[in-house]
Structures are given as C-alpha cells and as structure tokens.
C-alpha cells in the first residue's frame, strides 16, 4: 500500500512505517490510499483519487479543510499522544497562577518584596475541567488527587473522580480553577463567554490548553480588565502562531502567557511520540483493525 | 491551669483554649505552666519558673533560643498544620519552573514570542524530595502521582511511594526536580552544597520551601550563574524577612522567587488552621496525652 507522507516524522516512526507500506511524496500521491499529514490542502486532496484514510499527526483536527475532504475518506486524529505532556502543563499553569508564583516572582524581580496577595489553597475547592478527552481526563485526575472538588464538563458522559455535568454554567459557577481542554469544532467555537468567566471565583484561574477560539476573545479581555484578581492563563492564542496579534491580552498583568508549547511544539520527545503513535494508528487501519480517534465529520461541517 | 499566650491566635482557637485553661499575658506569666508562642525570649523564660511545656505555632523550631530553654521543658512544634498548603506550593513552584511557565510568561510579556526552550516532561523522570516530614511526604506523594520516579531523602527511614535513601548524593544525582522540605537544625544547616546542585540534571529545578539556611547560599549563586538552564526556586531566604538582602540571587533570570508565602504568612485560612492545631496539641499535653511534634532538643543544641 502506498501512503503519502507530508508531515515531518521522526526517523523511528518512518522506519516502522516503511516496514509495512510504501512511503510516497508528491510524485506518488496519485496512487496513495492513505496520507499521514499535519495538514492537507484542497490541491493535495484533488490529486489523490484513491485516498481512503487520513491520519493527522496533531490531536486537534480543527485546522483541516473539512469542506474539501470527501465524506467517504476516514480522518483520524492523534489524541492521547501528547496528553500526558499537556495535562502536566495545564496543572503547571493552574498552580503557577493560583499559588501566585508568577505574580510574586515578577514583584520580587522588580524589588517589591511585600506580601500583598493571599495564596489560596486548591484542596477542598471547586475545579472545573472542560472537555473530558485524553487531556481533560488526565488533568481532572491530577486535580482530584490534589484534593480539589472536580467537576467534569463534556457533551458525552464520562465517569471518573469528578462530578460530571453537561452544563457549562454548572461546571464553572464558583470554580476557583478551570482548565479548558476542549477540541475546537462547531459545537465549541466561542463556547466560553463573559458570563461564564464572571461566574467563577473572582480570585480564580482560567487555564486554556485546548484551542483559543473556544473562548470568546473579548470576554477574556473584559474579565482581565474588570477583575485584577482573576487570572487568565493560556498556551493557545487567537492569532494561532502569530502571537503578536494577541499582545493586548498577553501584556496584561493578570494574564499568564506561553507560546503554544504544552505539547509537541514544546518538546522533541513529545513530538517523537506523536509521530510514532500516528504511524501505529495508520497501521491499525492498514491491517483492517479499527483505528483510534476517528473524527466525527458532523462536528466540523 | 494557666497558659501564657504571646502568639496572635485566631478567635476560634482562643475560644477553645479558654474553655480548658486560663489564658494569661505578661501579668500572669509567673504562674504559667505552659506557653503558646510564635517565639520566646530569654527574658520571658526567666519570668516563668513553673514552665513545663512550650507549644510553638510554627512548624519550624530553628528560631527558638534553645540555649535558654531549660532541658526539662518540653517543646512542641506544629508540623502538619500548614503541610497541605506548603506541599501544594512546592509542587506549584516545581511545575511553574519545569514547564517553563515563568520563563515563557516573562518572554511573552516582553514581546518575545519565540519557542526558544524545550519543555521537559516530569513523568518518568527522577524527582528528589529532601525531608520526609509532613510537607515532604505530601509533596512526594503528589510527585509520584504525577508519574515521577521519586527518591525520598531523610535521616530516618520512611516508607511511601518513593525510593528511600539516607544519602543526599544518591537522592540528587541526575534528578530533574528536587524539593527541599527539611527542617533547619544542626544536622541540616548548610547541608546542600554546590556539588549536590551540580549533580542534578543541568536543566533541572531545585525548589526550597523549608529554610534557606539548609542550602549553602554561595552554592545557589554559583550554580545559577554557571548554568542558565538550571532553576533555583525558593520561598525562603537567607535574609529571613529582609528579602532585599538576597536581591542578587532573586534578580537572576533563572531564579524563581516568592516572599515566604507558602504557609501561614500567605493565607489567613492556613494561619487559622495553625492556631487551632497549636491549641489542640497543647490540650493533648494538658490532658496528659502525648502531644505531637515534640522536638528533639539534641537537634538544636
């Protein structure tokens, strides 16, 4: 079987792939039945009449040209491959903000050594996890182990050490910490609005490690300006890789900002794992086994 | 029984105390058999001939005038009362540093949006916890739950989800993360030296939530200057409450600094709990039960 590969894959993953399939580039794409990609263009799709399966290396699938992907082509994402890394990062952002580490380090560096701000405890307090996929579930388990009273929000019921709710309002009301790990799709775009953020504890922390567009940009800006004690911590930005477009939010003192480094962009080790798991999932499909993370097309078009 | 109270105790703790003992100040100290204090002076001690028991409100006992405390007077600390808060803080400092949250937030705020530094994973990596008291044990459990391979260092063997060692060298060698939660006493003053810090992973993180003096100050300064990738994160300072005396270390880019806020100084809630637990421990002694956290005088004199 010929598989078109446009993603930069680690050597280890390519070796595994070559033992089971013929890897082709642009020259062989007309015969390719499958593709392993980071993203795919309308033009590439038009040149692959035999295409049946697209394995995407990233966890999120919101960047694909869904309108141009024929409905008979299966699309698989790569959720889980970076989940441990992103969950660690989410908890790090939540604790760095909640325990006022970022706040006090900035003050101390500026020569202000006062204890101007209380440090809340997480134990016993409400923490919301939005999205109970691989990243959300891992994050929720860590927060529960830290003693937080965790609420898990998702469209579909998932059991674990959290109180499940399919109501975003219920999940966020009064929460001291919230971590957003929702995928971006037509159900979640702009889902988190001002009133949701305003319903949280005024000294609370909202962390986004999913996709920026799940949160209404103006809502984040407004809450940060209105509530100096509230922290908005995010690894993802509305400007995607052009972070300067979000400099107004990033520069606010109660924003905590990182440049999309929680997962594969931040670590070669995570990137290697993602490449390997993408190839392994393609091989499941090639062997006739059910692949993981098959996208529901109706979430996107 | 008369108990001399010089510590500022929360109302709730004072109410409990008054139901079981007569609280006296300077005017009644000559008759006091016990004292509940933050610290005590030689002069106070000289005016309490009937003193048998000192309950200290803080966890650490290194600040007491040990030479002036008669050997027959029992001294109890308050370890445990702030342990959940301090363990949360220790993990927050470790993750904020290791996941490069503090690093990237500073960069992003300065308009530098590049991904200049990899973000390591904690899972599967070696983490050392120095001191297996209440704070150390809780910290070690959280790190183990996060998937780290935890080594616990203490003078006395303690079992838990860690590999125990009584060798500081073995605990720190190759560690990506280390958390110091040792008490300050004659065994631990200056214990952590340059060679210990230098034996850790060069991209590693050393967190101190115990007492500054356990770490050699010049060693911390040297490692920070020699290894830009190494982070020294500390809530405690050699200048005690005069943090400006440590501004040289605090101002280094790879130091993460907070002003002694992990426990009771950072939170009224934690302070209330500490007051209540101090009174409850005194009441154990007053009822003839064994009090907790009795100090071993030989650790200090």
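Protein chains in written order, with this note's numbering: chain A, 3 to 303; chain B, 3 to 303. From the three backbone atoms N, C-alpha and C, an ideal C-beta is built for every residue, glycine too. Computed from a prediction, not measured in an experiment: that's the story for all the values here.
- A straight-line Cα-Cα distance of about 24 Å links residue 246 of chain A and residue 99 of chain B.
- Residue 220 of chain A: not part of any beta strand (DSSP E); member of the alpha helix (DSSP H) spanning 219–228, first to last residue.
- 86 and 87: these are the residues of the region 77–88 of chain A whose beta carbon lies less than 7 Å from some beta carbon of chain B, given in chain order.
- Around residue 174 of chain B, the same chain offers 130, 180, 198, 201 and 202 as residues with beta carbons nearer than 7 Å, after the five sequence neighbours per side are excluded.
- Rounded to the nearest angstrom, the gap between the Cα atoms of residue 170 of chain B and residue 132 of chain B is 8 Å.
- Here the alpha carbon of residue 178 of chain B sits roughly 10 Å from the alpha carbon of residue 151 of chain B.
- Inter-segment contact for the region 47–67 of chain A and the region 46–65 of chain B is absent: fewer than three beta-carbon pairs are separated by less than 8 Å.
- Residue 141 of chain A: member of the alpha helix (DSSP H) spanning 136–147, first to last residue.
- Within the same chain, 81 come within 6 Å of residue 135 of chain A by CB-CB distance, once the 5 residues on both sides are set aside.
- Close partners of residue 107 of chain A in chain B (Cβ separation under 7 Å): 104, 258, 259 and 260.
- Just measuring C-alpha positions, the residue of B:219, B:302 and B:205 sitting nearest residue 193 of chain B is B:219.
- Residues of the region 130–154 of chain B with a Cβ closer than 9 Å to any Cβ of chain A, in chain order: 143, 144, 147, 148 and 149.
- Excluding its 5 nearest sequence neighbours in each direction, residue 73 of chain A has C-beta neighbours in its own chain below 8 Å: 299, listed in chain order.
- Only those residues of the region 158–186 of chain A whose C-beta falls short of 8 Å from the nearest C-beta of chain B would be listed, and there are none.
- For residue 302 of chain A, the CB contacts under 6 Å within the same chain, skipping 5 residues up- and downstream, are 68 and 187 in chain order.
- Here residue 32 of chain A is exposed. Its C-beta has fewer than 16 other C-beta atoms within 10 Å.
- Straight across, the Cα-Cα distance linking residue 287 of chain B with residue 143 of chain B is about 31 Å.
- Shown here, residue 297 of chain B sits in coil according to DSSP, grouped into three states, outside any helix or strand.
- C-alpha of residue 127 of chain B to C-alpha of residue 15 of chain B: approximately 43 Å in a straight line.
- If you draw a 10 Å sphere on the C-beta of residue 43 of chain A, you find fewer than 16 other C-beta atoms in it, and that means exposed.
- One thing to note: residue 92 of chain A has its Cβ within 8 Å of the Cβ of residue 211 of chain A.
- Not one beta carbon of chain A lies nearer than 8 Å to the beta carbon of residue 251 of chain B.
- For residue 251 of chain A, the uninterrupted alpha helix (DSSP H) run begins and ends at 249–252, by DSSP.
- Using a 10 angstroms sphere on the CB of residue 248 of chain A, the tally of other CB atoms reaches 16 or more, which defines it as buried.
- Residue-level contact by beta carbon fails for residue 199 of chain B and chain A, as no gap is shorter than 8 Å.
- Residue range 151–155 is occupied by the beta strand (DSSP E) that includes residue 154 of chain B.
- Excluding its 5 nearest sequence neighbours in each direction, residue 30 of chain B has C-beta neighbours in its own chain below 8 Å: 4, 6 and 24, listed in chain order.
- In this structure, DSSP gives residue 71 of chain A a state outside helix and strand, which the three-state scheme calls coil.
- Just measuring C-alpha positions, the residue of A:153, A:184, A:271 and A:230 sitting nearest residue 176 of chain A is A:153.
- When secondary structure is reduced to three states using DSSP, residue 40 of chain B falls in the coil class, being assigned neither helix nor strand.
- The beta carbon of residue 101 of chain B falls within 8 Å of a beta carbon belonging to chain A, placing the residue at that interface.
- In the structure shown, the three-state DSSP call for residue 165 of chain A is strand.
- Residue 55 of chain A sits in a strand when the DSSP states are folded into three classes.
- A residue is called buried when at least 16 other Cβ atoms come within 10 angstroms of its Cβ; residue 125 of chain A does not meet this threshold and is exposed.
- Residue contact with chain A for residue 271 of chain B: present (Cβ-Cβ distance below 8 Å to some residue of chain A).
- Residue 22 of chain B is positioned such that its CB atom lies closer than 8 Å to that of residue 285 of chain B.
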